[in-house]
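The structure appears right after this line, and notes come after that.
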DNA sequence: AAGTGGTCTAGACCACTAA
DNA sequence: TAGTGGTCTAGACCACTTA
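Residue numbers (full-length UniProt numbering), protein chains in the order written: chain A, 1 to 237; chain B, 1 to 237.
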């Protein structure tokens, strides 16, 4: 994909990351960039808006685009620190244990989350994520069977996500996420190494397909000491 | 402010909220909307991109813009459920207690967070938020004195934020947020009604001004049972 | 093949900042 | 007043979906 504004975006990101463009300085003006990259101003503006949304620059009317000091942040720009990243930081092999994998008739709670009727059938997958010899994340997935005819232990031990996208050609397009803290359930106590912690951080994920149908509900239950979430909030005016 | 694309955005949001446009249906195409609103296609696209970013529609290439069922979600589109909203839901008067308000030389931790030298002076404000007779949030604010010459107990009991924006004409433009779970400190135990909870949810906020200078660091320490965070994540491709 | 959204252009006018 | 970013336009071509 040769996407002009993305190419420009990546180019500038590289310049910022490498220190070629210094924090707290101004980017060249949109008109200068337009000439530099031999394109139109609107295309430059698309690239700059991406930079702004991702926290690289701050645009100020009448002044210019100020480069933000990203080196201040040792964490990713946004989102949950994923299982794999966490594992890497802890310098240990991540391991996934599939505890349950079955087709069920959804109970009232899941029916409500996925907006299903009682006749629909869903996959229930329960997995434990282990790091540094400790089971610290419990993942409970409920997937609408209609879209996922087959699911094996091998797939679940690897990545359900990759299977859906690469094998089934389903496109996951967006998700709503809710984060709350709960008391551990009996299941949490059994399947996780809670080490005396009295709470679990629960991330409830509602996953949508490309055509805006809700097809998966996931609960990711974390031991509180291994949980970190980062958000980058731009003000809406 | 008569902003064409914002006007169109708000118009469509209203139609979705009122049920005039039904979930799972398609919006009129960009070319139709262009004629309806008597504008150019790029302006329509600006409005639609806003709708997409805020979770109202899902754009699909070659098909159109699908309206998402927002009624499924009883929570706001994104962001931390604020103190005032929480209070409203609990049907009780929120109350703010100012525990500390003083000018200090920042310690190493705060200096690092705000990127200050040891000579700079900051405001330290500690407040407890009470709801339903319980102290459930502890807010610790550190503000760069350079930008905020005066701060009184009255301002802190009301809203520091409003004071900065309305009185001092400072523009808060964006913030990075980090959420972690910690053990309660002695201070937490003293100032909050922890009711036997063994953890607090800590939201660390780095607040920036319009010109991209970091000027405030805030820790908001919540009793875990009263904490909820909602995020709306669109996939980047 | 017709219709959809995605990208790109070259120009215009405006609101704001700084000298 | 000159330069900046914000908005808006009317057109063009492309990639993709559906019939």
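Glycine included, each C-beta is placed from N, C-alpha and C at the ideal position.
N- and C-terminal bounds of the beta strand (DSSP E) containing residue i
| i | result |
| --- | --- |
| residue 58 of chain B | 57-60 |
| residue 186 of chain B | First-last for residue 186 of chain B: 186-191, but that is the alpha helix (DSSP H), not the beta strand (DSSP E). |
| residue 210 of chain B | No beta strand (DSSP E) contains residue 210 of chain B, which DSSP labels as neither H nor E. |
| residue 118 of chain A | No beta strand (DSSP E) holds residue 118 of chain A; DSSP gives it neither H nor E. |
| residue 171 of chain B | It is not in any beta strand (DSSP E) - residue 171 of chain B carries neither H nor E in the DSSP assignment. |
| residue 97 of chain A | 95-104 |
| residue 136 of chain A | 134-144 |
| residue 218 of chain B | 214-222 |
Test: residue i CB closer than 8 Å to a CB of chain A
| i | result |
| --- | --- |
| residue 24 of chain B | yes |
| residue 109 of chain B | no |
| residue 129 of chain B | no |
| residue 230 of chain B | yes |
| residue 68 of chain B | yes |
| residue 227 of chain B | yes |
Short CB-CB distance (under 8 Å) between residue i and chain B
| i | result |
| --- | --- |
| residue 58 of chain A | yes |
| residue 224 of chain A | yes |
| residue 212 of chain A | yes |
| residue 2 of chain A | no |
Whole-number beta carbon distance between residue j and residue i, since they are thought to touch under 8 Å
| i | j | result |
| --- | --- | --- |
| residue 175 of chain A | residue 207 of chain A | 5 Å |
| residue 205 of chain A | residue 224 of chain B | Their Cβ separation, rounded to whole angstroms, is 20 Å, which puts residue 205 of chain A and residue 224 of chain B out of contact at 8 Å. |
| residue 136 of chain A | residue 34 of chain A | Going by Cβ atoms, the distance from residue 136 of chain A to residue 34 of chain A rounds to 50 Å, so no, they are not a contact pair. |
| residue 65 of chain B | residue 26 of chain B | 6 Å |
| residue 127 of chain B | residue 94 of chain B | Not really, about 11 Å apart at Cβ, beyond 8 Å. |
| residue 178 of chain A | residue 228 of chain B | 7 Å |
| residue 138 of chain B | residue 192 of chain B | 5 Å |
| residue 123 of chain A | residue 148 of chain A | 6 Å |
Opening and closing residue of the alpha helix (DSSP H) in which residue i lies
| i | result |
| --- | --- |
| residue 35 of chain B | 30-36 |
| residue 239 of chain A | The requested residue 239 of chain A is not part of the displayed model; chain A covers only 1 to 237. |
| residue 256 of chain A | Outside the shown range of chain A (1 to 237) lies residue 256 of chain A, about which nothing can therefore be said. |
| residue 154 of chain B | 153-157 |
Which residues, in order along the segment 184-204 of chain A, keep a beta-carbon less than 7 Å from a beta-carbon of chain B? 198, 199 and 201
Contact between the segment 107-120 of chain A and the segment 140-150 of chain A (3+ Cβ pairs under 8 Å): yes
Is the segment 161-178 of chain A touching the segment 165-181 of chain B, taking contact as three or more C-beta pairs under 8 Å? no
Going along the chain, which residues of the segment 5-20 of chain B sit with their C-beta nearer than 7 Å to a C-beta in chain A? none
Tell me which residues of the segment 173-184 of chain A have at least one Cβ-Cβ distance to chain B shorter than 7 Å, keeping chain order. 173, 174, 175, 176, 177, 178, 179, 180 and 181
Just checking, does the segment 210-220 of chain A make contact with the segment 181-198 of chain A on the three C-beta pairs under 8 Å criterion? no
Inter-stretch contact at 8 Å, needing at least 3 Cβ pairs: the segment 51-64 of chain A / the segment 8-19 of chain A: yes
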